[in-house]
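Here's the structure, in structure tokens; my notes come after.
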Amino acid sequence: MLVPLCEARGSLGPIGRLIVLAPPHPALGIGALRVLRVDRAEAQGGPTVIVSYEGYERLP
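Written out as structure tokens, the structure reads:
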């Protein structure tokens with residue numbers, strides 16, 4: 049895992065849900081979105097993909 053989302057999209061096909069994990073405080077994502085986890089496809093659509101940025105910068 050930890051593959052950039054733009055590279056993983058080709059092998060994943062259509063994505064059913066995309067979930068972005070973020071800190072519990074206001075922050076800007078820094079770097080690329082990276083794939084953390086892929087759950088199997090639901091009956092209606094593609095897989096659920098959980099991603100996170102490489103880093104976060106806290107906002108005031």
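If you read the sequence shown in our numbering, its first letter stands for residue 49, the second for the next number, and so on. We treat Cβ as the ideally placed atom computed from N, Cα and C, and that holds for glycine.
Contact annotation: SER100 and VAL68 have beta-carbon atoms nearer than 8 angstroms. Distances from the alpha-carbon of ILE98 to those of TYR104, ARG82 and GLN92 put ARG82 closest. If you check the CB distance, THR96 and ARG57 do not come in under 8 angstroms. Taking the CA atoms as reference points, VAL86 sits about 20 angstroms from GLY79.
8 angstroms or more divides the Cβ of LEU53 from the Cβ of LEU76.
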